[in-house]
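>
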Amino acid sequence: MASEKKYHWFKIFSSAEEMSNNIPPRRTYTIQVDGKGICLVHGLDGFYAVRDKCPHNGFPLSAGFCSDVNSIVCPVHRYHFDLKTGRAVSGIGARVETYPIKITESGVFLGVEEFNWWPF
Ligand code: FES
């Protein structure tokens, strides 16, 4: 039985308009949430959030760019990571962590998955 993921939701913008004003199309924007560097990307069909750390060698993905197939491209070795799944599109069999974004009337929120380490 698959368990449903639970998230802590962190407010990152006061509105969708504020987010759009700060992140032009196909650009990145860096924030810190829950002690993690997060790379926000204004992709081809919306906004995405990935860990700001390339799984290949740790370089900040926010220094890269959004490709025309909706992936984030690391500027160092040019590996592409799908913005929806985080999976490498080319280069290596790795995956960058992705985070859901929720837009509500009270603002824009980023979800960080809760981990329950208690086994019982
Ligand atoms: S450090 Fe990102 S592809 Fe190598």
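Residue numbers (the numbering used here): 96 to 215. We put the beta carbon where it would ideally sit given N, CA and C, even for glycine. Predicted model only: the values in this text are computed from it and were never measured.
Do the segment 197-207 and the segment 166-175 make contact, defined as three or more Cβ pairs closer than 8 angstroms?
Verdict: no, contact absent.
> Figure out for me which residue from A158, V184, G188, F204 has the closest Cα to the Cα of V164.
Of the candidates A158, V184, G188, F204, the one whose C-alpha sits nearest the C-alpha of V164 is V184.
> Look up S162 in the DSSP assignment and say whether it is helix, strand or coil.
If DSSP states are grouped into helix, strand and coil, S162 belongs with coil.
> Taking the C-alpha atoms as reference points, what is the distance between F176 and R146?
Their Cα atoms are separated by approximately 11 angstroms.
> Starting from the C-beta of L156, find all residues in its chain whose C-beta is less than 8 angstroms away, skip the five residues before and the five after it, and write them out in chain order.
These residues qualify, in order along the chain: T123, C134, V145, R146, D147, K148, C149, I167, C169, F176, V191.
> Please classify G159: is it buried, with 16 or more other beta-carbons within 10 angstroms of its beta-carbon, or exposed?
Result: buried.
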